[in-house]
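S.K.:
There are 2 protein chains.
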Amino acid sequence: MTSRRQAGPSGAAFLLAQLGAHAAERFAQRVKELGLTPPDVGLLRMIASQPGRSQRSIATDLGVVPSRVVALVDNLERKELVERRPSATDRRHHALHLTTAGEQVLMRMRSIATAHEDDLCAALSTDERSQLASLLQRIADQQGLVPHVHPGYRNLSTPR
Amino acid sequence: MTSRRQAGPSGAAFLLAQLGAHAAERFAQRVKELGLTPPDVGLLRMIASQPGRSQRSIATDLGVVPSRVVALVDNLERKELVERRPSATDRRHHALHLTTAGEQVLMRMRSIATAHEDDLCAALSTDERSQLASLLQRIADQQGLVPHVHPGYRNLSTPR
DNA sequence: TATTGTTATACTCTATAACTATA
DNA sequence: TATAGTTATAGAGTATAACAATA
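Protein sequence lines, in the order shown, are assigned to chains A and B.
Using my numbering, the first residue of the first sequence is number 21, and each one after it goes up by one.
Using my numbering, the first residue of the second sequence is number 21, and each one after it goes up by one.
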């Protein structure tokens, strides 16, 4: 037994990965009560923010392959949270929209997200939380992360 | 278009999940050059810190099922980084040890981890980095995370 | 010919369950 | 009877490739 640091990592990078996985996992548990997975949540948000988008454009923004969007949308359509509407201008497109039930789920999701945030940051004061958010935001900006897009969606087999 | 926050999350929790996934992904890219995956790295570290451990005890600490440890160790043994030695006291056990090559890889891993950390926190000053690490550490403690263990290893189908 | 969405398929990761050998 | 490790199997998630309809 050396005094400490036996196994190695305790710098910011490892803590970030560790806490990030923990946060994602806790969030997944919470939204599971709504019958949703984290990818479902991301997709609902994306559709809500820009209704009528095509699957292709979503696939591009998310960095995933179009066939994956098919599966995700199939899933949400089966739950009647999302609908594919025919596009007037290009009949190849499906315009994606939230249903009324979808809007409601989105609202419940927002309160879940707030509770999640509070629970996760329970160790910190309000000041410290915004201090943390600001430090994290600067890292995110410098690392070129796309706002609101979780990298977990990305296709890692085509990393460039 | 509302003024901002169209898609929703930009609090500390989402940033944490986003940056955590990003950090994990970048780290995975780096260790891939050593022919290793992140779980491999965690296992190597764990064996290095307590040589001679059994697979069962590692499975318990990592929160995974023993058969998964079999696969991970198989992989590292095939690369001749780890060896299973028979235990003198209980012939059911395999005592896990690093080979010389394993020790060397571990050293290279440490310098990779340092470079990773520097790169990830490039946006912050030295002071800010330790400020960040301290905030993160307090959250990790309060959330009950086990030091040095990435939650990604855990068996999520048995969450309690 | 190029593009959108779909289907069919395969691959990777990981857990479950049954099994062997020790204890 | 219980435990350490193993094998065989199955499931979830996701990519690839071939395809139909439309542009």
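Think of the CB as a built atom: it goes at the ideal place given N, C-alpha and C, for glycine as much as any other residue.
A quick note: this is a predicted structure, and the numbers were derived from the prediction, not measured.
Report yes if the CB atom of alanine 115 of chain A is closer than 7 Å to the CB atom of glycine 62 of chain A, and no otherwise.
M.R.: Here residue 115 of chain A refers to the residue found at position 95 when the first sequence is read from its first residue. Here residue 62 of chain A refers to the residue found at position 42 when the first sequence is read from its first residue. For alanine 115 of chain A and glycine 62 of chain A, no; Cβs fall outside 7 Å.
S.K.: By the three-class DSSP mapping on this structure, what secondary structure does valine 84 of chain A have?
M.R.: Sequence index remark: in the first sequence, residue 84 of chain A carries index 64 (1-based). Correct three-state label for valine 84 of chain A: coil.
S.K.: Roughly how many angstroms separate the alpha carbons of arginine 98 of chain A and methionine 127 of chain A, rounded to a whole number?
M.R.: To locate residue 98 of chain A, count along the first sequence from 1; it is residue 78. To locate residue 127 of chain A, count along the first sequence from 1; it is residue 107. Cα to Cα, arginine 98 of chain A sits roughly 19 Å from methionine 127 of chain A.
S.K.: Taking Cβ positions only, does arginine 180 of chain A come closer than 7 Å to chain B?
M.R.: On the first sequence, residue 180 of chain A is found 160 positions in, with the first residue counted as 1. Interpretation of arginine 180 of chain A is limited by its pLDDT of 33, a score under 50 that renders its predicted location unreliable; the figure taken from the coordinates is listed afterwards. No, no contact with chain B.
S.K.: Using a Cβ-Cβ cut-off of less than 9 Å, give me the residues of the region 47-59 of chain A that come near chain B, in sequence order.
M.R.: Listed by position, the residues of the region 47-59 of chain A near chain B (Cβ gap below 9 Å) are Phe47, Ala48, Gln49 and Pro58.
S.K.: I want to verify the contact list: residues of chain B whose CB lies under 7 Å from the CB of proline 71 of chain A, in sequence order.
M.R.: By 1-based counting over the first sequence, the position of residue 71 of chain A is 51. Ordered by position in chain B, no residue passes the 7 Å Cβ test against proline 71 of chain A, which lies about 11 Å from the chain.
S.K.: Is there a C-beta anywhere in chain A that falls below 7 Å from the one on glycine 28 of chain B?
M.R.: Within the second sequence, residue 28 of chain B is the residue found at index 8, counting from 1. Confidence in glycine 28 of chain B is poor, its pLDDT being 48 and thus under 50, which makes the residue's placement unreliable; the coordinate value appears in the next sentence. At least one chain A Cβ lies under 7 Å of glycine 28 of chain B.
S.K.: Using a Cβ-Cβ cut-off of 7 Å, state whether glutamine 75 of chain B counts as contacting chain A.
M.R.: Indexing the second sequence from 1 puts residue 75 of chain B at position 55. For glutamine 75 of chain B, the answer is no, since every Cβ of chain A falls outside 7 Å of its Cβ.
S.K.: Say whether chain B places a C-beta atom closer than 7 Å to the C-beta of histidine 117 of chain A.
M.R.: Counted from its first residue, the first sequence places residue 117 of chain A at position 97. Chain B, which has no Cβ nearer than 7 Å to the Cβ of histidine 117 of chain A, makes this no.
S.K.: Would you say isoleucine 132 of chain B lies against chain A (beta-carbon separation less than 7 Å)?
M.R.: Taking the second sequence and counting its residues from 1, the one referred to as residue 132 of chain B is at position 112. False, the Cβ-Cβ gap to chain A never drops below 7 Å.
S.K.: Report the partner residues of arginine 112 of chain B according to the DSSP bridge assignment.
M.R.: Looking up residue 112 of chain B in the second sequence gives position 92. None; arginine 112 of chain B has no bridge partner.
S.K.: Relative to the C-alpha of glycine 55 of chain A, which candidate in A/Leu39, A/Leu96 and A/Arg104 has its C-alpha closest?
M.R.: Residue mapping note: residue 55 of chain A aligns to position 35 of the first sequence, counting from 1. Nearest option by C-alpha distance: A/Leu96.
S.K.: Can glycine 40 of chain B and alanine 121 of chain A be called in contact, C-beta distance under 7 Å?
M.R.: In the second sequence, counting from the first residue as 1, residue 40 of chain B sits at position 20. In the first sequence, counting from the first residue as 1, residue 121 of chain A sits at position 101. Against a cut-off of 7 Å, the Cβ pair of alanine 121 of chain A and glycine 40 of chain B comes out as no contact.
S.K.: Less than 7 Å between the beta carbons of leucine 101 of chain B and histidine 42 of chain A, yes or no?
M.R.: Translated into the one-based positions of the second sequence, residue 101 of chain B becomes position 81. Translated into the one-based positions of the first sequence, residue 42 of chain A becomes position 22. Cβ atoms of leucine 101 of chain B and histidine 42 of chain A: not closer than 7 Å.
S.K.: Examine the Cβ distances between the region 130-145 of chain B and the region 104-111 of chain B and report whether three or more of them are shorter than 8 Å.
M.R.: Contact fails: fewer than three Cβ-Cβ distances are below 8 Å.
S.K.: Apply the 10 Å Cβ neighbour rule to arginine 111 of chain B and answer buried if 16 or more other Cβ atoms are within range, or exposed otherwise.
M.R.: Reading the second sequence from its first residue, position 91 is the one you call residue 111 of chain B. Flag for arginine 111 of chain B reads exposed.
S.K.: Verify the CB distance criterion: does glutamate 123 of chain A have a CB-CB separation below 7 Å to chain B?
M.R.: Against the first sequence, residue 123 of chain A aligns to sequence position 103. Closer than 7 Å: no.
S.K.: Where glycine 172 of chain B and proline 59 of chain B are concerned, what is the direct C-alpha to C-alpha distance, given to the nearest angstrom?
M.R.: For this step, residue 172 of chain B is matched to residue 152 along the second sequence. For this step, residue 59 of chain B is matched to residue 39 along the second sequence. The alpha-carbon atoms of glycine 172 of chain B and proline 59 of chain B are separated by roughly 9 Å.
S.K.: Below 7 Å between beta carbons: does that hold for isoleucine 78 of chain B and valine 89 of chain B?
M.R.: Numbered from 1 along the second sequence, position 58 holds the residue referred to as residue 78 of chain B. Numbered from 1 along the second sequence, position 69 holds the residue referred to as residue 89 of chain B. Their beta carbons are under 7 Å apart, which means isoleucine 78 of chain B touches valine 89 of chain B by this criterion.
S.K.: Quick one: does histidine 136 of chain B have its CB under 7 Å from some CB of chain A?
M.R.: If you number the second sequence from 1, residue 136 of chain B lands on position 116. By this cut-off, histidine 136 of chain B is an interface position.
S.K.: Can you tell me where the alpha helix (DSSP H) with glutamate 148 of chain A in it begins and where it stops?
M.R.: Position 128 of the first sequence, counted from the start, is the residue given in the question as residue 148 of chain A. Per DSSP, glutamate 148 of chain A belongs to the alpha helix (DSSP H) from 146-162.
S.K.: Are any of the Cβ atoms in chain A nearer than 7 Å to that of glycine 83 of chain B?
M.R.: Here residue 83 of chain B refers to the residue found at position 63 when the second sequence is read from its first residue. False, the Cβ-Cβ gap to chain A never drops below 7 Å.
S.K.: When burial is assigned at 16 or more other CB atoms within 10 Å of the CB, is alanine 135 of chain B buried or exposed?
M.R.: On the second sequence, residue 135 of chain B is found 115 positions in, with the first residue counted as 1. With fewer than 16 other Cβ atoms within 10 Å, it is exposed.
S.K.: Verify whether the separation of the beta carbon atoms of leucine 35 of chain A and leucine 156 of chain B is less than 7 Å.
M.R.: Position 15 of the first sequence, counted from the start, is the residue given in the question as residue 35 of chain A. Position 136 of the second sequence, counted from the start, is the residue given in the question as residue 156 of chain B. Yes, Cβ-Cβ distance for leucine 35 of chain A and leucine 156 of chain B is below 7 Å.
S.K.: Under 8 Å, CB to CB, which of the residues in the region 86-120 of chain B have a partner in chain A?
M.R.: So nothing in the stretch comes that close.
S.K.: Suppose you measure from the CA of glycine 83 of chain B to the CA of histidine 170 of chain B; what does that come to, to the nearest Å?
M.R.: Indexing the second sequence from 1 puts residue 83 of chain B at position 63. Indexing the second sequence from 1 puts residue 170 of chain B at position 150. Going by the C-alpha atoms only, they are around 10 Å apart.
S.K.: Step through the CB atoms of chain A and report whether any lies within less than 7 Å of the CB of arginine 149 of chain B.
M.R.: Within the second sequence, numbered from 1, the residue matching residue 149 of chain B stands at position 129. Cβ-Cβ to chain A under 7 Å: yes for arginine 149 of chain B.
S.K.: Between arginine 158 of chain B and chain A, is there a C-beta pair that is closer than 7 Å?
M.R.: By 1-based counting over the second sequence, the position of residue 158 of chain B is 138. Cβ-Cβ to chain A under 7 Å: yes for arginine 158 of chain B.
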